[in-house]
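Chemist: Have a look at the structure that comes next, please.
Next comes the structure, spelled out in structure tokens:
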């Protein structure tokens, strides 16, 4: 891996808005970050046309002839779409031409292809999906958000390690607190795998803060929330649903009659500040952790602000060497004789087939 | 069971505010509903003192010397607190002196004692906890909310039956639509028990609407949301957490400076209307379904408005004979030769020990 510049492969064809949003997001991102090279992957003609005449020097185009559909079965995408923008973008990471991939495509396909092509880090059974969530105090990070519906205690423990590393690397916290999502504080208290995970995390060199319940995700009680992908996905989607409900109720109340419409005008700056604060676009960019490379999933319906934020997340994770740190902490935590360089295999790929 | 009047046993000592709120709630409830008799269970002296001199004729006091603590182990409460207000209130239902019990106490203890004393209806493995949730279109009903962390397909099916009956009886919908809470719309799609439950519900005489995701709880996509207690509790608590976060963010934005404070004054009626609409007190009163009697769990921190609403829920479920209807639909759905009167056993209890 070279130190400069960071190169991010952007799957520019997937997502609800395809290359239009991807190209604009790349240009928008580069206005803020000059230290990053972006490889836009997809239909060359379409991309060139969207980029216009003066293509910034930090942008490169990598042709790919296919697109993974949003509703395509992940297994089918993995088997048949060898020249899809998603697959080619991930290949660029495997080949060492990029250190990260960003895609707004089909979540299951992205996870399946990334896992198949990049492989997991030593000591990691399955990658997990992590996203920041707003809290009363700032934000927390939750994983897994849906990649693994059912998890063993060992997997939950690995998630705790991965989440700790991410938050520690990205936010500079030395010992992020880790909570396990559970239910009730009485005897009816969750499932066996969670209790076992608690004891694994307690034994490890992590800052374990105990069980938390769904409402405590948002109080800022812990820096990392660990759960299986089913519970995580339910919590994530539920919070999105409530946020939408609240917005709709507010809109209805403020447009009820002439008087309420007037008060909406008076309150507009405040309502805008409030809306900005819970704007999900500010949190766009879920990290697939546990892979030999950085893979960031943008929301399928992301607009330019949101997609550009996902690229920003990718840059940050490369800069902070998140995959390497996960491997290191996991090795020290498990007390195993770890591979000195967890990216070694990627290094080998680079030597074998890397083009840069 | 007699037709008039409906009698509700109120555990007047449990909950964060004990008998103060319970007594006031009873009095408040009786101002709206004269057709109900309330038996307040607890410390007689304390209750009489709180009631004052003129006790309404619809109120009766049933002494109980103990209280189940909010953090007491349910198994311990069940074993040792034989004269607790909670236990005595449930006994009144078993003995036929009341048709319903309302308690703001320890959820696990209430579930454990209710199940032990009242028993489940024929065909029901375990009771489930149901609560209404606000949606864009009105409200939906979700179960289980935490009584059963892990569920079999058969249990999820029973929840679908119980939820359908509740909504049909209470809202007058002839065929409420039932959705199964799941994750993703791709291959990474939940767990085996949910897929099996889907086929059981499809085969039965229910209005099955398919899988829904967490955000769809709040769109009003379905009338009944079925899930295991772990996912349900996570969704419920998460939605409470987001609602609190939103309220806090709004408060912060509206109190930021002089100008925002002025606009808050201008917008006050609208903000109040909005706050009323998401007021959780309006939804207080979770139903324990699947028991031979109506048991309603009030939030531990309920105030008078909220607690009185829980009593209202109890009255409605007795009036609509919810337990009987669950048993009838379950019997017809399973095609078994059902007990003609599922309350038969309660009837026997009444004959044996009922005092009214």
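Chains as they are written, first to last, in my numbering: chain G, 10 to 365; chain P, 10 to 365.
Using N, Cα and C, we set each Cβ at its ideal position, and we do this for glycine too.
The structure displayed is predicted, hence computed values, not measured ones.
Less than 7 Å separating the Cβ of residue 134 of chain G from some heavy atom of the ligand SAH?
Modeler: What this structure holds is no ligand at all, so the ligand SAH is not there to describe.
Chemist: Taking only beta-carbon atoms, is residue 253 of chain P less than 8 Å away from chain G?
Modeler: It does: the Cβ of residue 253 of chain P has a partner Cβ on chain G nearer than 8 Å.
Chemist: Using 8 Å as the cut-off, can you tell me whether the stretch 140–148 of chain G makes contact with the stretch 40–58 of chain G, which would need three or more C-beta pairs spanning the two stretches below that distance?
Modeler: No, they do not touch.
Chemist: Could you run through the stretch 119–143 of chain P and flag, in chain order, every residue whose CB is less than 9 Å away from some CB of chain G?
Modeler: For the stretch 119–143 of chain P, which is checked against every Cβ of chain G, the residues closer than 9 Å are 120, 121 and 143.
Chemist: Grouping DSSP H, G and I as helix and E and B as strand, with all else coil, what is residue 26 of chain P?
Modeler: In the structure shown, residue 26 of chain P sits in coil (DSSP, three-state: anything other than H, G, I, E or B).
Chemist: Tell me which residues share the same chain as residue 127 of chain G and place their Cβ nearer than 8 Å to its Cβ, disregarding the 5 neighbours each side in the sequence.
Modeler: Excluding sequence neighbours, residue 127 of chain G sits near 99, 102, 103, 300, 301, 302, 304 and 355.
Chemist: Give me the Cα-Cα distance between residue 203 of chain G and residue 162 of chain G, rounded to the nearest whole angstrom.
Modeler: Cα to Cα, residue 203 of chain G sits roughly 6 Å from residue 162 of chain G.
Chemist: Would residue 89 of chain G count as contacting chain P if we go by Cβ distances under 8 Å?
Modeler: Not one chain P Cβ lies under 8 Å of residue 89 of chain G.
Chemist: Taking buried to mean at least 16 other C-beta atoms within 10 Å of its own C-beta, is residue 94 of chain P buried or exposed?
Modeler: Burial call: buried.
Chemist: Straight-line CA distance for residue 226 of chain P to residue 61 of chain P?
Modeler: The straight-line gap from Cα to Cα measures roughly 44 Å.
Chemist: For residue 217 of chain G, which residues of its own chain have a beta-carbon under 6 Å away from its beta-carbon, when the five flanking residues on both sides are left out?
Modeler: So the list reads 187, 210 and 211, once near-sequence residues are dropped.
Chemist: Taking Cβ-Cβ distances below 7 Å as the criterion, which residues of the stretch 262–275 of chain G are in contact with chain P?
Modeler: Flagged, chain order: 262, 263, 269, 272 and 275.
Chemist: Of all the CB atoms in chain G, is at least one closer than 8 Å to the CB of residue 168 of chain P?
Modeler: False, the Cβ-Cβ gap to chain G never drops below 8 Å.
Chemist: At what residues does the alpha helix (DSSP H) containing residue 227 of chain G begin and finish?
Modeler: Premise fails: residue 227 of chain G is in no alpha helix (DSSP H) and is neither H nor E.
Chemist: Based on DSSP bridge pairs, tell me the residues matched to residue 216 of chain P.
Modeler: According to DSSP, residue 216 of chain P bridges with P:186.
Chemist: Are the Cβ atoms of residue 130 of chain G and residue 172 of chain G separated by less than 8 Å?
Modeler: Cβ distance not < 8 Å, so residue 130 of chain G and residue 172 of chain G don't count as in contact.
Chemist: Starting from residue 190 of chain P, find everything on chain G with Cβ-Cβ shorter than 9 Å and list it in chain order.
Modeler: Under the 9 Å cutoff, chain G gives 243.
Chemist: Roughly how far, in whole angstroms, is the beta-carbon of residue 158 of chain P from the beta-carbon of residue 237 of chain P, given that I think they are within contact range, below 8 Å?
Modeler: Sure, about 7 Å apart at Cβ, within 8 Å.
Chemist: Buried or exposed: which applies to residue 284 of chain G, given that a residue is buried once 16 or more other Cβ atoms fall within 10 Å of its Cβ?
Modeler: Answer is exposed; the Cβ neighbour count stays below 16.
Chemist: Where residue 176 of chain G and residue 16 of chain P are concerned, what is the direct C-alpha to C-alpha distance, given to the nearest angstrom?
Modeler: Answer to the nearest angstrom: the Cα atoms are 55 Å apart.
Chemist: Quick one: is residue 297 of chain G near chain P, going by C-beta distance under 8 Å?
Modeler: Judged by the 8 Å Cβ criterion, residue 297 of chain G is not in contact with chain P.
Chemist: By the 9 Å beta-carbon criterion, what residues does the stretch 215–234 of chain P contribute toward chain G?
Modeler: Here the close residues are 222, 223, 224, 225, 226, 227 and 228.
Chemist: What ranges does the beta strand (DSSP E) occupy inside the stretch 117–192 of chain G, keeping only unbroken runs of at least 3 residues that lie completely in it?
Modeler: Runs found: 137–143, 148–152 and 186–190.
Chemist: In its own chain, which residues sit with a C-beta less than 6 Å from the C-beta of residue 117 of chain P, not counting the 5 before and 5 after it?
Modeler: These residues qualify, in order along the chain: 83.
Chemist: Taking only the alpha-carbon atoms, compute the straight-line gap between residue 229 of chain P and residue 148 of chain P and give it to the nearest angstrom.
Modeler: The alpha-carbon atoms of residue 229 of chain P and residue 148 of chain P are separated by roughly 7 Å.
Chemist: For the stretch 151–182 of chain G, enumerate the residues whose C-beta is nearer than 7 Å to any C-beta of chain P, in chain order.
Modeler: Residues passing the 7 Å Cβ filter: 155, 156, 158 and 159.
Chemist: List, in chain order, every chain G residue whose beta-carbon is nearer than 8 Å to that of residue 204 of chain P.
Modeler: By Cβ distance, chain G contributes nothing, its closest Cβ being about 11 Å from residue 204 of chain P, past 8 Å.
Chemist: Tell me, please, whether the CB atom of residue 286 of chain P is closer than 8 Å to any CB atom in chain G?
Modeler: Closer than 8 Å to some Cβ of chain G, the Cβ of residue 286 of chain P qualifies, so yes.
Chemist: Residue 240 of chain P touches chain G at which residues, Cβ-Cβ below 8 Å?
Modeler: Going along chain G in sequence order, the residues near residue 240 of chain P (Cβ under 8 Å) are 239, 240 and 243.
Chemist: Just verifying my parser: in three-state terms, what is the DSSP assignment at residue 48 of chain G?
Modeler: Reduced to three states, the DSSP call for residue 48 of chain G is strand.
Chemist: If the criterion is Cβ atoms closer than 8 Å, does the pair residue 67 of chain G and residue 39 of chain G meet it?
Modeler: Their beta carbons are under 8 Å apart, which means residue 67 of chain G touches residue 39 of chain G by this criterion.
Chemist: In whole angstroms, what is the alpha-carbon distance linking residue 18 of chain P and residue 281 of chain P?
Modeler: Taking the straight line joining both Cα atoms gives about 34 Å.
Chemist: For residue 185 of chain G, which residues from the same chain have a beta carbon less than 7 Å from its beta carbon, with the 5 sequence-adjacent residues on both sides left out?
Modeler: Excluding sequence neighbours, residue 185 of chain G sits near 173, 176, 177, 216, 232 and 233.
Chemist: Go through its chain and collect everything with a Cβ distance to residue 361 of chain G's Cβ below 6 Å, but skip five positions before and after it.
Modeler: Residue placement at residue 361 of chain G is poorly supported in this model, since its pLDDT is 33, which falls under 50; the coordinates still yield a value, given next. If we look at residue 361 of chain G and ignore the five residues flanking it on each side, it has no Cβ neighbours.
Chemist: What does residue 249 of chain P touch in chain G if you count any residue whose Cβ is under 8 Å from its own?
Modeler: Per Cβ cutoff of 8 Å: 223 and 224.
Chemist: Using the rule of at least 16 other Cβ atoms within 10 Å of the residue's Cβ for burial, across every protein chain shown, is residue 63 of chain G buried or exposed?
Modeler: When all chains shown are included, residue 63 of chain G counts as exposed.
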